[in-house]
Structure formats: structure tokens, C-alpha cells
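**Q**
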Amino acid sequence: MKINYRNPLLSVILMLVLCNSVFSQKKHSFTIILDAGHGGKDPGNTYHGYKEKEIALKTTLKVGEYLEKDRDFKIIYTRTTDVFIDLEKRPKIANKANAKLFVSIHCNSVKNFGPSGTETFVMGLSRSDMNIEVAKNENSVILLEKNYKEKYLGFDPKKPESLIGLKMMQEENLNSSIDLATKIQGNFTKHLNRHSRGVKQQPLWVLDAAYMPSVLIELGFLSNKEEGAFLNSDEGQEKMAKGIAEAIIRYKNEYFGDAKNYSEVSQKSETIISKKTKDTKGDNSNDTVYKVQIAVSPRKLSLVSSNFKGLKNISSMQGDSIYKYMYGETSDISEAKKMEKEAKNKGYSDAFIVQIKDGKSSRVR
Numbered sequence: 000m001k002i003n004y005r006n007p008l009l010s011v012i013l014m015l016v017l018c019n020s021v022f023s024q025k026k027h028s029f030t031i032i033l034d035a036g037h038g039g040k041d042p043g044n045t046y047h048g049y050k051e052k053e054i055a056l057k058t059t060l061k062v063g064e065y066l067e068k069d070r071d072f073k074i075i076y077t078r079t080t081d082v083f084i085d086l087e088k089r090p091k092i093a094n095k096a097n098a099k100l101f102v103s104i105h106c107n108s109v110k111n112f113g114p115s116g117t118e119t120f121v122m123g124l125s126r127s128d129m130n131i132e133v134a135k136n137e138n139s140v141i142l143l144e145k146n147y148k149e150k151y152l153g154f155d156p157k158k159p160e161s162l163i164g165l166k167m168m169q170e171e172n173l174n175s176s177i178d179l180a181t182k183i184q185g186n187f188t189k190h191l192n193r194h195s196r197g198v199k200q201q202p203l204w205v206l207d208a209a210y211m212p213s214v215l216i217e218l219g220f221l222s223n224k225e226e227g228a229f230l231n232s233d234e235g236q237e238k239m240a241k242g243i244a245e246a247i248i249r250y251k252n253e254y255f256g257d258a259k260n261y262s263e264v265s266q267k268s269e270t271i272i273s274k275k276t277k278d279t280k281g282d283n284s285n286d287t288v289y290k291v292q293i294a295v296s297p298r299k300l301s302l303v304s305s306n307f308k309g310l311k312n313i314s315s316m317q318g319d320s321i322y323k324y325m326y327g328e329t330s331d332i333s334e335a336k337k338m339e340k341e342a343k344n345k346g347y348s349d350a351f352i353v354q355i356k357d358g359k360s361s362r363v364r
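Residue 17 in numbering that gives the first Met the number 0 is what sits at position 18 of the sequence shown, and the numbering runs on without skipping anything.
#1: Which runs of the alpha helix (DSSP H), 4 residues or longer, sit entirely within the segment 54-90?
#2: Using only alpha-carbon positions, find the residue among Glu87, Lys224 and Asp178 that is nearest to Gln317.
#3: Run the CB neighbour count on Glu149, radius 10 Å, all protein chains shown included, and call it buried at 16 or more, exposed below.
#4: So Val291 and Ala342 are supposed to be a Cβ contact under 8 Å. How far apart are they, rounded?
#5: Taking the beta strand (DSSP E) that Phe187 belongs to, which residues open and close that run?
#6: Indicate whether Pro114 and Phe220 have their beta-carbon atoms separated by less than 7 Å.
#7: Could you tell me how far apart the beta carbons of Ser222 and Ser108 are, in whole angstroms, since I believe they sit closer than 8 Å?
#8: I want to check one thing, is the minimum distance from the CB of Val205 to the heavy atoms of the ligand COA below 6 Å?
#9: How should Asp357 be labelled, buried or exposed, when 16 other C-beta atoms within 10 angstroms of its C-beta is the threshold for buried?
#10: Are the beta-carbon atoms belonging to Thr181 and Ile321 less than 7 Å from one another?
#11: Could you give the distance in angstroms between the alpha-carbon of Gln200 and the alpha-carbon of Met122?
#12: Work out the CA separation of Gly227 and Gly48 for me, nearest whole Å.
#13: Starting from Ser361, trace the beta strand (DSSP E) both ways and give me its first and last residue.
#14: On the CB-based measure, 16 or more other CB atoms within 10 Å of its CB, does Asn344 come out buried or exposed?
#15: Run through the DSSP bridge pairs and tell me what His105 is partnered with.
#16: Look at the alpha carbon of Ile352 and the alpha carbon of Tyr254, and state the distance between them as a whole number of angstroms.
Set out below in C-alpha cells:
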């Protein structure tokens, strides 16, 4: 069939088709996996008539509803109904989709009905007995799966030595995971007045196997009757979901938005510069300096080279409940790039340059 390209109507149609194709390619540029914990034969925590699998699912779907208002997001759920999903399959869904984030939502519990509060976990190791118990609870779903010993290479969620033996598959994602977790906890505390138990590192299988920044959110304790009632209510789920969604959007804007957007948000959250930087620059606070961010941790570390793979000239910057550790200092961007390369050669593969001006910092892209 011969097409008459001089036909005005046909030209308009072809233009609309082309524009729609381009628009479609721009949509859904940020894929995120929302994982509602437990489900089906695995109810999770059940206290005072509250069921974790139901609360986790309802809250997760509400998070998705908030995010879907932004055309940039493509939301993939590990489950949207009350079905059992093998723990092994959840991160695989994220890896197959080449997702930017993996967010798993759960509810906490302990035998003592007193404790309350939110906490968000990232992959890592901890000696905290309470954290080990959380890890045991969240990993115990493995025991419900067929051939779990073969699928999980002998991993036993009841044995502490198995937990300690877990290794991160993507260590370079830890900084980003902690950053997102901090934003989530900050929203819970500042906007919802929920008690925060902080950002914690723990060997959780579902986080270990994901190839992207990942967090596991404990919305609160169902064993606490008052907190359980809040989380079981539609209002409570809406508020918690909104807090999570807004943190994810802020994370996306910082890491995947334009440089201006990142700087504006970053400057609001990072205002405390290390004493070492202040002493070095003296009263000339308007000068721009560059450092290389090499690590983020909820713990305050001693600024000695042995804690940072032999790197010297380490300084720290405190944000919302986290410490960001920087290597070197220079006013020359070319020198900063050399420091970045040196840090990566030392094993900090996710190191990046940070610009510090007027006591505020922003990532250099």
C-alpha cells in the first residue's frame, strides 16, 4: 500500500503516534518492587486479633496508590492478594525487573506487650539480640517452603551462625539503602509522631538476594495493643503508606532527578558539617570544597584509618540519625576525581564526590 505523506490528516496522525511512542518510553522510568510480607499459609504475627499479612498487604497497596500518581513510577507487587510467595521468589522478581528499589513491608511483635515503634532494616550484620530475634522471625518463613535446605544452601533461620554467615551480594547498595531507610524513619517520626527505633542492619535473606538498594520496614508492634489498633485501621495504614511513599519519592528525586533538585532537597537534610571541616576552612565558609563520600552508617565511628580500609584524612557529616563519612578535602574538582578513584580502588565501589558550600552539601554528578 502506498502512503501519501502529503495528506495533512495522515501527517497529524503519524505525529501523534510518534509523540505517543516517545511519551510511552519516558513513562515508568523508575521501577520499584513493593513486597507485602507473608501471606497465604504464612500469617506472620497475630496478636489481639490483628494479622500481619493483612495489614502489610493493605499498607503496601496504599503505598503503590500514592506512587502511581507519579508517571515516572512503575510499580510491581510481589503479591496483591492473600497468597503465599516463597521468600526466594520475592527478590528474584525485583532482579528480573531490574528494579531501582526493593521495599518490603512488615509488622513487628515480641512476647512482651509493652514495646512499640517503627524500625527499618537494611542488609548487614549486628550483634543486637533484639535484632537477631527479628531476623529469625522474618527469615522463618523459609521453613514453610518445600526443599528449603536445598533452595537456601543449608541456611537455617533458627541458627545465629547461619544469620552471621550471610553476606551481602551487592555491598555498594548499602549506602543508598540506609539513606532511604533514614528518610522513611524520619517521616514516621516528624510527620506522624511515631516512636522510632531507628535504622538497623540485619542479615535478612529477602534483602541479601536483591541486587538493588533494599529496605524492610517494620510498621510497628502488633503485640502492643494500642499500636496494633492504629496499624489495623484504615487511617493508620493511609498515614504510614503516605510516609513511606513520600520518602521513596524524595529518594528518587535525589538520586535520579536533575542536579538542582538533588541539591535543593539534600541541603535541607544535611546541615551539620564536621568540626574538622570547619577548622580547616576557618572563617572563609563561602569557599567550595570537595570530598568523597565513602560510607553511611547509623553508628558513629572513630575517624581512624583502620576503620576505613587504610584511608586517612576522614571526616564525618551527621544527617537524620545517620553519619556520612568523607575522604579527603580539596577545592580542585580534578583532584577530587583522583580521590574518588583512590577510594574505589580501596574497595569503596560506590564512592562519589560531594560538594560542600556554606555548610551545605550536594552530590556532584
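Ideal Cβ positions, reconstructed from N, Cα and C, are used throughout, including at glycine.
**A** The answer reads as follows:
#1: none
#2: Asp178
#3: Low per-residue confidence applies at Glu149: pLDDT is 48, beneath 50, and the placement is therefore not dependable, though the value from the model is reported in the following sentence. Looking at its Cβ environment, which holds fewer than 16 other Cβ atoms inside 10 Å, Glu149 is exposed.
#4: 5 Å
#5: That residue, Phe187, is in no beta strand (DSSP E); its alpha helix (DSSP H) goes Leu173 to Leu191.
#6: yes
#7: 4 Å
#8: Summarising the ligand content, the structure contains no ligands, and the ligand COA is consequently not present.
#9: exposed
#10: yes
#11: 5 Å
#12: 9 Å
#13: Lys359 to Arg362
#14: exposed
#15: Glu217
#16: 13 Å
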